[in-house]
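My numbering puts the first residue of the sequence shown at 1, with every later residue one more than the last.
No residue lacks a Cβ here, since even glycine has one placed at the ideal position from N, Cα and C.
Worksheet: the structure to be examined is printed underneath.
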Amino acid sequence: MFVDSVDLMVSSGKGGAGCVSFWTEKFVAKGGPDGGDGGKGGNIYFVVDNNTDTLSALRGRNHIKAENGRPGEGRKCYGRKGQSTDIIVPPGTQIIDALTDEVIFDLLEEGERVMFLEGGKGGLGNMHFKSSSNQRPTYAQPGLPGVTKEIRLEMKLIADVGLVGYPSVGKSTLISSLSNSRPKVAAYEFTTLVPNLGVVNVGEYDSFMMADIPGIIEGASDGRGLGLEFLRHIERTKTLLILVDIANYREMQYQYETLLLELQRYSSELAGRHFAVAITKCDSLPEDDVNILTQQFIEEIGLEVNSTLSKYKVNSNYFSYGFEEDFGVELPKNAPLFVLPISSVSQLNTDPLRFALKSFVLSVTEEQKED
């Protein structure tokens with residue numbers, strides 16, 4: 001089961017109490033105090049593990065506690081330290097304070113281990129309180145309590161390319177044809193109910209990660225459909241591939257502008273991400289019709305094709321099409337890197353798409369390093 005958000009209460013261990021004890025031994029008349037210290041309570045750690053891809057193991061575990069420290073004993077014996085607890089999470093997990101919504105940790109790197117809550121300190125035994133004026137102390141310190149915190153864990157997928165499109169636009173078919181992922185594919189909308197990750201191989205030694213996100217519809221940023229629940233999974237993607245269905249009853253320009261608008265309304269940072277466009281299901285129409293509709297779509301969104309058919313520039317009339325209703329935000333002003341007609345079923349342009357996306361990801365990665 002795919003679980004990407006859980007609520008938890010976590011507690012570090014309580015420190016053990018110090019011991020009140022006196023040394024009693026044959027032929028030793030006044031042995032004095034010898035009570036040992038209590039053990040320290042266990043800590044709570046979060047550990048990032050690539051072998052974990054959901055938070056399902058934590059579902060239903062309402063309270064996770066570390067072990068308490070053991071109390072001290074006589075003969076100056078210290079109590080055993082409480083065992084710490086490791087909570088295993090997948091990369092991309094955020095630890096959020098449930099009361100303030102503050103992001104406490106953002107765990108991204110494989111093998112990362114951070115201490116979240118420290119256990120309580122053990123109490124001192126009575127041997128620490130002897131003095132010339134108090135040679136028989138009959139008290140010791142109690143251990144300090146552990147820390148309890150209510151948190152929310154949210155997982156955001158980490159991928160190089162995030163697929164964005166309407167339901168049934170062909171995202172699952174594309175990721176299954178390009179990668180080793182095998183999501184459910186069917187001829188009805190909202191087939192994909194959870195995100196899917198796939199590794200796309202480019203040659204023998206190069207690859208990149210692709211994420212298939214459940215379909216976005218109008219009003220997704222306001223909670224309609226499944227979009228709002230899963231839009232956060234494309235926040236960490238380096239690039240976006242917007243899929244536009246050439247055979248859909250919605251016009252291609254309308255699909256394109258709706259998706260950009262929902263991204264903008266959800267997050268201006270996400271809307272500013274570099275993206276490309278793939279026109280899907282081109283095997284369902286004759287080749288001439290595909291060429292005409294593709295050219296028409298390029299012109300409608302304000303792009304001009306130069307003589308090499310490889311670069312596009314933004315037209316000043318861009319964003320003057322589409323919506324009658326004023327949503328209060330403007331469409332993003334960045335243009336797609338490329339517009340490519342494809343068919344995942346007949347493998348039309350899937351190899352050029354694979355290599356183009358790899359180059360796209362590399363260029364964006366280099367740009368981010370320079371910034």
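| query | result |
| --- | --- |
| Any idea what DSSP makes of residue 290, helix, strand or coil? | helix |
| For residue 89, write down the residues that DSSP places opposite it in a beta bridge. | 48 |
| Between residue 169 and residue 121, what straight-line distance do the alpha-carbon atoms span, to the nearest angstrom? | 58 angstroms |
| Considering just the uninterrupted stretch of the alpha helix (DSSP H) at residue 355, what are its terminal residues? | 350-370 |
| Taking Cβ positions, are residue 140 and residue 19 nearer each other than 9 angstroms? | yes |
| In whole angstroms, give me the CA-to-CA distance for residue 207 and residue 357. | 10 angstroms |
| Determine whether the beta carbon atoms of residue 162 and residue 259 lie at a separation below 9 angstroms. | no |
| Taking its Cβ as the centre, do 16 or more other Cβ atoms sit within 10 Å of residue 352, making it buried, or is it exposed? | exposed |
| Can you tell me the Cα-Cα spacing of residue 362 and residue 65, whole angstroms? | 43 angstroms |
| Report, in whole angstroms, the separation of the C-beta atoms of residue 59 and residue 3, which I expect to be a contact under 8 angstroms. | 5 angstroms |
| Taking 8 angstroms as the threshold, find out whether the region 131-140 comes into contact with the region 106-121 through three or more Cβ pairs. | no |
| Taking the C-alpha atoms as reference points, what is the distance between residue 326 and residue 255? | Confidence at residue 326 is low in this model, with a pLDDT of 40, below 50, so its placement is unreliable and the value that follows should be read with caution. Taking the straight line from one Cα to the other gives about 17 angstroms. |
| Taking Cβ positions, are residue 115 and residue 32 nearer each other than 9 angstroms? | no |
| Take the Cβ of residue 27 as the centre, count every other Cβ of all protein chains shown within 10 Å, and call the residue buried at 16 or more, exposed below. | exposed |
| Excluding the 5 residues flanking residue 75 on each side, which residues of the same chain have their C-beta closer than 8 angstroms to its C-beta? | 21, 23, 34 and 36 |
| Mind checking whether residue 179 and residue 155 have CB atoms under 9 angstroms apart? | no |
| How many Å lie between residue 72 and residue 87 at the Cα? | 28 angstroms |
| Just mark residue 43 as buried or exposed, buried being the case when its beta carbon has 16 or more other beta carbons within 10 Å. | buried |
| Under DSSP, the beta strand (DSSP E) around residue 112 begins and ends at which residues? | Where residue 112 is concerned, there is no enclosing beta strand (DSSP E), given that its DSSP letter is neither H nor E. |
| Between the Cα of residue 257 and the Cα atoms of 213, 242 and 347, which residue gives the shortest distance? | 242 |
| Tell me the start and end of each unbroken alpha helix (DSSP H) in the region 249-291 that is at least 4 residues and wholly inside, in chain order. | 252-266 and 268-271 |
| Pull up the CB-CB distance for residue 281 and residue 359, whole angstroms please, since I reckon it's below 8 angstroms. | No, residue 281 and residue 359 are not in contact; Cβ-Cβ is about 25 angstroms, not under 8 angstroms. |
| Buried or exposed: which applies to residue 329, given that a residue is buried once 16 or more other Cβ atoms fall within 10 Å of its Cβ? | Unreliable positioning characterises residue 329 in this predicted model, as indicated by a pLDDT of 48, which lies under 50. The coordinate reading is nonetheless provided below. It is exposed - the Cβ of residue 329 has fewer than 16 other Cβ atoms within 10 Å. |
| The beta strand (DSSP E) with residue 158 in it runs from where to where? | Note, residue 158: premise wrong, no beta strand (DSSP E); not H, not E. |
| Among 15, 276, 284 and 5, which one has its Cα closest to the Cα of residue 355? | 276 |
| Given a cut-off of 9 angstroms on the beta-carbon distance, is the pair residue 96 and residue 103 in contact? | yes |
| Measuring only the C-alpha atoms, how far is residue 129 from residue 81? | 22 angstroms |
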